[in-house]
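Residue numbers (our numbering): 531 to 753.
Virtual Cβ for every residue (Gly too), placed ideally from N, Cα, C.
Let me begin by presenting the structure, written as structure tokens, before commenting on it.
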């Protein structure tokens with residue numbers, strides 16, 4: 531085989547190899563999205579549709595499912611993000627000092643997700659870390675930090691400026707800081723967010739939280 535023939539075969543081979551690699555990556559991405567879908571659905575159900583008395587046990591059971599998903603997808607940011615979200619919600623349901631270790635576990639998962647892919651799920655790791663940093667107590671009890679919370683939430687908004695979650699949580703953070711005028715701007719943006727495909731229960735619950743936050747902020751602004 532002459533040099534020209536070898537070159538032509540190589541030229542033909544490279545695009546085929548790239549196409550195969552792209553298709554394989556797309557397939558793997560689709561697999562992890564399929565794996566996290568039950569976690570998303572059950573999280574929304576537990577978070578918004580069951581009684582507070584049942585939440586702790588329900589999140590504990592859901593965390594076991596999330597562990598299995600991460601074990602099957604150890605190098606996928608999406609799986610780590612959702613386990614981090616579930617740990618954070620479990621911590622909120624558990625409350626007290628016993629929740630700190632869960633919050634720390636959530637932080638570890640979310641930071642690991644950022645190392646793998648900071649853009650995954652439209653920057654959700656930044657959003658969830660921001661929430662942890664402003665809800666967890668600061669030193670010496672926990673790792674909470676309003677400064678870091680602000681940084682994380684602003685990074686999330688840079689990636690997903692129109693999303694309901696980053697706008698809602700930044701509005702909640704600003705409300706906590708008593709910056710009610712600025713909070714109202716992010717509430718308005720969150721209200722305009724497009725519905726998320728196959729996330730109807732989560733969107734409905736978040737909109738209810740958004741309405742409650744708006745009522746609170748409006749009252750503060752009228753004083």
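Once you ignore the five residues that flank residue i on each side, which residues in its own chain have a CB closer than 6 Å to its CB?
i	result
residue 578	735
residue 697	716, 719, 720
residue 642	610
residue 746	none
Grab me the residues of residue i's own chain with a C-beta within less than 8 Å of its C-beta, minus the 5 sequence neighbours each way, in chain order.
i	result
residue 595	568, 569, 572
Exposed or buried, residue i, counting other C-beta atoms within 10 Å across all chains shown (16 or more means buried)?
i	result
residue 708	exposed
residue 671	exposed
residue 632	buried
residue 748	exposed
residue 627	exposed
residue 554	Low per-residue confidence applies at residue 554: pLDDT is 40, beneath 50, and the placement is therefore not dependable, though the value from the model is reported in the following sentence. Exposed is the call here.
residue 648	exposed
Would you check if the distance between the CB atom of residue i and the CB atom of residue j is smaller than 8 Å?
i	j	result
residue 654	residue 611	yes
residue 652	residue 689	yes
residue 617	residue 562	no
residue 743	residue 705	yes
residue 565	residue 591	no
residue 501	residue 710	With the chain running from 531 to 753 in the structure shown, residue 501 is simply not present.
residue 608	residue 650	yes
residue 713	residue 732	no
Return the chain-ordered list of same chain residues with a C-beta closer than 7 Å to the C-beta of residue i, the five sequence neighbours on each side being excluded.
i	result
residue 663	674, 675, 678, 679, 682
residue 589	576, 616, 619, 620, 623
residue 740	698, 717, 720, 721
residue 581	none
residue 686	653, 656, 657, 660, 696
Taking only runs that begin and end inside the region 682–746, name each unbroken beta strand (DSSP E) of 3 or more residues, in chain order.
-> You should have found no qualifying run.
Where are the alpha helix (DSSP H) runs, 4 residues long or more, that stay fully inside the region 555–624, in chain order?
-> List check, alpha helix (DSSP H) in window: 582–602, 607–624.
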